[in-house]
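Rendered as structure tokens:
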């Protein structure tokens, strides 16, 4: 019997008979650009025109400009888009672009999906000249950290109240009064002020902590903290006092001083609570050795799985839904059958590369006003 006798061969389809023939073509990009040009956030006349930083926050599926005076301020419940435009060459007028979409640890799936989708759209608006980067709060890249002289990450965000944790009454009162910031240099000269749980268990001998009790700020200098971290913490406290509308006293204490015990007490410490040997992994894991005790290299980051999201208005309201997650997500799973939908692949290693719109017709959906 011949080796192929009795086998059923699948039907072969010609790509010209499908709605994917024009993906990546000039007409595809022209239609995508026309759609991207309908986004008000990209049409202030300055996006992509000059070197510098532009930042937007995702608010209820909208791309909202983030004020310049707040650059470097992020919230763990939000998603942001950061555009860094720079000159290519010393004497050249040509610009290069990096687009970072930053995802807070507690951002919603809708916000993260919108940030990814809008990042692809912004790249189209810049005629594909940008490099896209996915940034997560817990493991920022060195390139992202280098954009800011200081990054401050606070709890909360535009959508508050979606997290609910039962707490003891005395702990609730202490949390309402106290804000604890951990100040450290994850890599190079960049500095991060990261809000952490206002408890003595958050302390670490290797960093500087700023405790804001409302009417007074305490600067607690760990025994192994660096001179740079101490200086940056002092600058942070100076800025915070200027921002406050009331007079705030500031007291700086070294961990080795007996006065430092007062900070531990304010953070819920008791008589038997230790005064030294505090160890708590840093909230960021970066190439600079964060994520563990000072001097120890960060553990290798586990490879994050790809995620396939579908953007649809079938319900009458624009929604992002997670369709599939895992290393097996492939381009073949993109569904172009409905021109009212779009899909985005969030790649696990930091770059979102696929934007799908159900063929050319769907990508141009913005022409009709959506």
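Numbering (the UniProt record's numbering), first residue to last: 1 to 370.
Where a beta carbon is used, it is the ideal one built from N, C-alpha and C, also for glycine.
| Asked | Found |
| --- | --- |
| Rounding to the nearest angstrom, what Cα-Cα distance links residue 48 and residue 124 in this structure? | 11 Å |
| What does the alpha-carbon distance come out to for the pair residue 132 and residue 256? | 46 Å |
| Between which two residues does the alpha helix (DSSP H) harbouring residue 71 extend? | First-last for residue 71: undefined, no H or E at that position. |
| Entirely within the region 174 to 224 and at least 3 residues each: give me those beta strand (DSSP E) ranges in chain order. | 179 to 184, 191 to 196, 208 to 212 and 216 to 221 |
| Using alpha carbons as the reference points, say which of 44, 31 and 263 lies closest to residue 121. | 31 |
| In terms of alpha-carbon separation, which member of 88, 82 and 59 lies closest to residue 108? | 59 |
| Which residues in the same chain as residue 57 place their Cβ atom closer than 6 Å to its Cβ, once the five residues preceding and following it in sequence are excluded? | 64, 66, 78 and 80 |
| By Cβ distance, which residues of its chain are closer than 7 Å to residue 200, with the 5 residues on each side in sequence left out? | 264, 267, 268, 269 and 273 |
| If you measure between the beta carbons of residue 215 and residue 240, is that distance less than 9 Å? | no |
| Looking at C-beta atoms only, is the number of pairs between the region 149 to 157 and the region 183 to 203 that lie closer than 8 Å three or more? | yes |
| Let me know the secondary structure DSSP gives residue 240 once reduced to three states. | helix |
| Take residue 253 as the anchor and find which of 209, 197 and 245 has the nearest alpha-carbon. | 209 |
| Distance check for residue 217 and residue 249, CA to CA, integer angstroms please. | 6 Å |
| In chain order, what residues of the same chain lie with their CB nearer than 8 Å to the CB of residue 94, ignoring the 5 residues before and after it? | 87 and 88 |
| Just tell me which of 99, 194, 144 and 39 has its CA closest to the CA of residue 233. | 194 |
| Tell me which same chain residues have a C-beta within less than 7 Å of the C-beta of residue 177, skipping the five on either side of it? | 213 and 214 |
| Taking Cβ to Cβ, would you say residue 205 is nearer than 9 Å to residue 277? | yes |
| Alpha helix (DSSP H) containing residue 261: first to last residue? | 261 to 266 |
| When DSSP builds the beta bridges, which residues end up paired with residue 85? | 52 and 97 |
| For residue 61, list the residues DSSP reports as bridge partners. | According to DSSP, residue 61 bridges with nothing at all. |
| Three-state secondary structure (DSSP) at residue 324? | strand |
| Suppose the cutoff is 7 Å on Cβ atoms and the five residues either side in sequence are ignored; what does the same chain contact list for residue 237 look like? | 210, 217, 219 and 250 |
| Compare the C-alpha of residue 381 against each of 140, 92, 224 and 85 and name the closest. | Residue 381 lies beyond the stretch modelled for the chain, which goes from 1 to 370, so this question has no answer here. |
| Less than 9 Å between the C-beta atoms of residue 284 and residue 138, yes or no? | yes |
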